[in-house]
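> Submitted below is the structure of interest, expressed as structure tokens.
Numbering (the working numbering), first residue to last: 122 to 497.
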């Protein structure tokens with residue numbers, strides 16, 4: 122592995138506004154040694170690395186650096202780890218470590234920003250200055266529109282009032298300006314009609330996912346929330362024949378059935394609550410029996426153009442065998458996925474179920490949810 126010590130040493134020395142003489146004096150070495158290291162003519166004794174790193178205000182790993190391939194592997198390992206089941210404090214510590222290790226990586230900064238965003242509000246408050254700094258860094262260095270959009274969203278949601286107009290003014294104003302919509306218009310202009318129809322269907326799926334994942338927790342009265350959840354459940358049932366929900370939507374549909382069940386209990390309609398909740402469990406059983414990665418139909422061909430969803434993979438499979446991702450199109454995504462621990466966690470945490478927690482039927486369902494989760 123090729124170390125990038127010379128480049129990093131000079132970079133961090135200049136960031137600290139130190140001359141070579143100043144660094145040499147702080148570490149207890151000769152200026153000639155610093156000059157030699159920065160030219161790449163050698164490396165310091167390993168015993169000096171902790172002191173050099175401390176004077177530069179960085180870690181030894183940051184100071185040494187590595188070749189691009191190793192960096193990419195390390196960052197990929199980091200994203201896999203923080204997306205796995207991990208304690209909140211461990212995830213935060215790992216995120217902050219890597220944000221310091223790779224301060225110029227928009228991939229790392231994007232992950233860490235969302236780690237901070239999903240902290241409990243009181244805990245997030247202490248990290249807000251760092252969160253804003255990382256979001257602004259993404260806006261300055263990233264050419265990935267998904268990361269820039271996410272950074273803007275976070276800044277708009279959390280920034281002080283006096284900065285809101287600045288960040289909000291940078292947000293896209295028209296759906297027509299988004300990547301998929303622009304591609305659809307280009308295909309139309311080129312009269313590539315079959316490709317146009319497929320892209321049109323993909324864009325409709327993205328729009329549908331966005332609509333179906335808008336949060337329903339802010340509708341005021343419980344009856345309003347229940348009406349909204351029932352409406353969304355009805356949309357899924359319109360995708361197939363005779364109200365039958367196509368396999369591609371089953372996980373998503375199961376999650377929304379659960380929302381509806383919770384709404385029934387919140388409204389005091391326990392009979393419908395029990396019926397819907399038991400139906401939810403049956404749907405989850407059906408969904409989890411389907412192997413991950415299976416290509417699943419989404420419904421009417423005239424609407425979906427033969428596009429399929431790959432189960433638990435955030436991916437659409439197009440008629441020509443190519444694929445396109447969907448994850449970036451929804452902040453609140455359950456589309457084509459449904460985690461085994463979802464039922465168990467929500468049954469234990471959601472206040473809507475408080476009136477029936479002592480009911481034997483509820484306790485039986487909690488045990489069933491636990492068995493489903495442990496069987497994953």
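Note that beta-carbon positions come from the ideal geometry of N, C-alpha and C, so glycine has one too.
1. For residue 494, tell me which candidate among 468, 478 and 324 has the shortest Cα-Cα distance.
2. Compare the C-alpha of residue 390 against each of 405, 309, 476 and 222 and name the closest.
3. Tell me whether the stretch 282-289 and the stretch 397-414 touch, counting them as touching only if at least three CB pairs, one residue from each stretch, are closer than 8 Å.
4. With a threshold of 16 other CB atoms inside 10 Å of the CB of residue 426, please say whether the residue is buried or exposed.
5. Whole-angstrom Cβ separation of residue 490 and residue 457, contact assumed at under 8 Å?
6. With DSSP collapsed to three states, give me the class of residue 293.
7. So residue 126 and residue 164 are supposed to be a Cβ contact under 8 Å. How far apart are they, rounded?
8. Decide if residue 367 is buried, meaning its Cβ has at least 16 other Cβ atoms within 10 Å, or exposed.
9. Can you list the alpha helix (DSSP H) stretches of 4 or more residues lying completely in the stretch 147-181, in chain order?
10. Under three-state DSSP, which class holds residue 417?
11. Let me check understanding here. Comparing Cα to Cα, which of 224, 223 and 278 lies closest to residue 245?
12. Pop quiz: residue 421 and residue 360 are said to be a contact at Cβ under 8 Å. What is the actual Cβ separation, rounded to whole angstroms?
13. Using a Cβ-Cβ cut-off of 6 Å (strictly less than) and excluding sequence neighbours within five positions of residue 444, which residues of its own chain qualify?
14. Going straight from the alpha carbon of residue 280 to that of residue 253, what length do you get?
15. Does the beta-carbon distance from residue 356 to residue 428 come in below 8 Å?
16. What distance in whole Å lies between the Cβ atoms of residue 413 and residue 433, which are believed to be in contact at a cut-off of 8 Å?
The short version:
1. Of the residues 468, 478 and 324, the one whose Cα lies closest to the Cα of residue 494 is 468.
2. Nearest of 405, 309, 476 and 222 to residue 390, Cα basis: 476.
3. Short answer: they don't touch.
4. It counts as buried.
5. The Cβ separation is near 21 Å, so there is no contact.
6. Coil at residue 293, not helix or strand.
7. About 6 Å; that satisfies the 8 Å criterion.
8. With 16 or more Cβ atoms within 10 Å of its Cβ, residue 367 is classed as buried.
9. If one requires a minimum length of 4 residues, the alpha helix (DSSP H) runs lying completely within the stretch 147-181 are 152-159 and 170-177, in chain order.
10. If DSSP states are grouped into helix, strand and coil, residue 417 belongs with the strands.
11. If we check each option's Cα against that of residue 245, 278 comes out closest.
12. Taking the Cβ atoms as the reference, residue 421 lies roughly 7 Å from residue 360, within the contact range of under 8 Å.
13. The beta carbon of residue 444 is closer than 6 Å to those of 436 and 438 in its chain, skipping five residues each way along the sequence.
14. Roughly 7 Å between the two C-alpha positions.
15. No. Outside cutoff.
16. Separation of the CB atoms of residue 433 and residue 413 is rounded to 5 Å, and the pair is thereby assigned contact status at 8 Å.
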